[in-house]
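Q: With our numbering, letter number 36 in the sequence shown gets 31, and the count goes up by one each step, no holes.
A virtual CB, placed ideally from N, CA and C, is assigned to each residue, including glycine.
As the structure is a prediction and not an experimental result, all values here were calculated from the model.
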Amino acid sequence: MKNILIASMIVLLAGCTTIAPSQTYRPANYSGAAWDITGEMDDAHDMVIIKINNEIVINHALEIWSGNGEFTGIYKGKPVTASCMTDASDTTNCFVFMNGEKAATLTFD
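(1) Report the residue from P22, K71, T76 whose alpha carbon sits nearest the alpha carbon of N54.
(2) So, under 8 angstroms CB-CB, F103 and T87 are touching, yes? Tell me the CB distance rounded to an integer number of Å.
(3) Express the C-alpha separation of T13 and C79 in angstroms, rounding to a whole number.
(4) Going by DSSP in three states, G68 sits in which element: helix, strand or coil?
(5) Within a Cβ cutoff of 7 angstroms, which residues of the same chain sit near A23, ignoring the five residues on either side of it in sequence?
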């Protein structure tokens, strides 16, 4: 019985995902609808997924030892970069830039 409980807890913990609150962004000189920037972090594998309007633009693992990472992607032909840092309390902040302009700060608690 104990083994089943332990195995169930491991499976449950392995599937944990943290979702950062979504943020909107409108590029300079752009008159269309604001873009929705969202983020997810697979806690078991330290994978960061950043989406713009539900399109995955970044999907990479953080550094194992530091929990940090610098990532790049493309959205609508424009470069997207994310600089992610994990602090001592295990909160990860990803600063997202579109074409060199800060677009969002995604926080994973």
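A: By the coordinates alone:
(1) As a first step, residue 54 is located in the sequence shown; it is residue number 59 there, counting from the start. The closest CA to that of N54, considering only P22, K71, T76, is found on T76.
(2) As a first step, residue 103 must be located in the sequence shown, where it is residue number 108. As a first step, residue 87 must be located in the sequence shown, where it is residue number 92. At roughly 4 angstroms, the Cβ-Cβ gap stays under 8 angstroms, so F103 and T87 are in contact.
(3) As a first step, residue 79 is located in the sequence shown; it is residue number 84 there, counting from the start. As a first step, residue 13 is located in the sequence shown; it is residue number 18 there, counting from the start. Using only the alpha carbons, I get a separation of about 14 angstroms.
(4) Stepping through the sequence shown from its first residue, residue 68 is reached at position 73. The answer is strand: DSSP assigns G68 an E or B state.
(5) For the purposes of this step, residue 23 is taken as residue 28 along the sequence shown, with counting starting at 1. Same-chain partners within the cutoff: E96.
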